[in-house]
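With the first letter of the sequence shown counted as 1, position 50 gets the number 113 in this note's numbering; the numbers rise by one all the way through. Heads up: the structure comes next, in structure tokens.
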Amino acid sequence: QVQVVESGGGLVQAGGSLTLSCAASGIIFSINAMAWYRRAPGNERELVASIGDNTVYADSVKGRFTISRDNAKNTVYLQMNSLKPEDTGVYYCNVTTRPFLYNYWGQGTQVTVSS
């Protein structure tokens with residue numbers, strides 16, 4: 064059974080830091096990319112950062128967030144620094160596989176940044 068489990072969310076003051084973790088298990092194909100998305104209140108889900116053959120960041124988090132990956136543990140991290148109230152939302156982990164494309168999502172973890 065495939066499991067994608069996020070952890071590390073919480074409440075932090077503006078300017079603070081949080082680190083999110085996401086561990087994937089039960090996936091029988093190779094992992095192609097791992098990514099973090101977020102859904103802010105009233106907004107669509109958007110890509111925050113992804114790491115695979117390339118590393119991609121949303122413009123709004125460049126220079127503040129760092130995505131990293133431990134392939135041996137099938138785990139991806141998101142180090143978030145200089146947090147802003149607009150970073151508030153539910154953060155979701157996404158995993159895609161290859162050579163067959165499967166797409167897996169975690170249940171989400173809440174990040175709240177107070178001003």
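All C-beta atoms, glycine included, are put in the ideal place defined by N, C-alpha and C.
For residue i, which residues does DSSP report across the bridge?
i	result
Y140	S84, S131
E149	Answer is none; E149 lacks a bridge partner.
S70	S84
N157	A98, W168
Q76	S177
V65	In the DSSP output, where bridge partners are listed per residue, V65 has none listed.
Helix, strand or coil for residue i? Go by DSSP, reduced to three states.
i	result
S93	strand
V124	helix
Looking at the secondary structure, which residues open and close the beta strand (DSSP E) in which residue i lies?
i	result
L110	108-114
N166	166-168
Thinking C-beta only, is residue j closer than 8 Å to residue i?
i	j	result
V124	V139	no
Q76	S177	yes
S70	S84	yes
I94	T151	no
A86	N137	yes
Q142	T82	yes
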